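To keep things clear, I will list the structure first and then write my remarks on it.
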Amino acid sequence: MLRHLALIMDGNGRWAKQRLKPRIFGHKEGAKKLREITEFCAKSGIQYLSLYAFSTENWKRPKAEVEYLMNLLGEYLIREKTTYLRSNIIFKSIGDISALSEELQQKIQSLEAQTQEQCNGMTQILALNYGAKDELRRAFVRLMEGGIAPNEPNQLSEQDISCALDTSKIPEVDMLVRTGGEMRLSNFLLWQSAYAELFFTQTLWPSFSVEELEAMMVEFHQRERRFGGL
Ligand code: FPP
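Position one of the sequence shown corresponds to residue 0 (our numbering), numbered consecutively onward.
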């Protein structure tokens, strides 16, 4: 069953370069694609859709590009509110959003609260200032602060760790798709993707299509998932 789909949206910059446009043009088109794919997933019965929008490593990009992405995010959170409400989508962010501006944090929290109150369909999870290693580090800090089994460290269970992650209560990733031709996970949902089926495509994110995703879903259902068993 495909409950949780994760997407690494890669290739915006190259898509723009191929068209002799600045990289930010690719991000703008990428945001449009994000909405199209989200709406399709909400209709197709997927319960959780996770998207890698900004990683803990993306701060290394030129200041102007980072600023553009932050502004794009701010506009996106306002503009797409109607999409979320119309398509019954719950919005959730993962990652350390305390590093984002106060204004962005407020927009994120307001959209989370409003969609949680009014919607009960698919949950769209936007990874913002997210890195799986950082998420694990923050989870361990939480566990240590919470005093989980301080005298019996060996009693710490995998379940305890899962519950301390940003994705607590969200099922593990079933299918992970990366566009843009690279074949790596780039610090995205490493714990949650332990048994995810991986799909890589050369297609650059703004050119990715519902049809290509549908074809991958067909293949996903044909794969035999044994989870280490026989
Ligand atoms: C990777 O492409 C993409 C990103 C780092 C940003 C993802 C952002 C979007 C899809 C736009 C929507 C975003 C928000 C904030 C709503 P790249 O720039 O690494 O492309 P390249 O590998 O071709 O250089």
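Every residue, glycine too, gets a C-beta built ideally from N, C-alpha and C. Given the structure is predicted, the values throughout are model-derived calculations rather than measurements.
Measure the beta-carbon distance from Q191 to E171 and round it to whole angstroms, keeping in mind my assumption that it falls under 8 Å. That belief holds up - the Cβ atoms of Q191 and E171 are roughly 5 Å apart, short of 8 Å.
Terminal residues of the continuous beta strand (DSSP E) containing N119? Counting along the chain, N119 falls outside any beta strand (DSSP E), and DSSP gives it neither H nor E.
Could you check if N11 is buried or exposed, using at least 16 other CB atoms within 10 Å of its CB as the buried criterion? Buried, since its Cβ has 16 or more Cβ neighbours within 10 Å.
Cβ atoms of Y67 and I107: under 7 Å apart, would you say? Cβ distance not < 7 Å, so I107 and Y67 don't count as in contact.
R78: beta carbon under 6 Å from a heavy atom of the ligand FPP? No, the beta carbon of R78 sits no closer than 6 Å to any heavy atom of the ligand FPP.
If you compare alpha carbons, which of K59, L71 and A126 is closest to I93? Cα-wise, what sits closest to I93 is A126.
I'd like the ranges of any alpha helix (DSSP H) spanning at least 4 consecutive residues and lying wholly in the region 45-117. With a minimum length of 4 residues, the continuous alpha helix (DSSP H) runs that stay inside the region 45-117 are 62-78, 80-85 and 101-117.
Any non-hydrogen atom of the ligand FPP within 6 Å of Y75 CB: The ligand FPP has a heavy atom closer than 6 Å to the beta-carbon of Y75.
When we look at the beta-carbon of N70 and count the other beta-carbons within 10 Å, is it buried (16 or more) or exposed? Its Cβ having fewer than 16 others within 10 Å, N70 is exposed.
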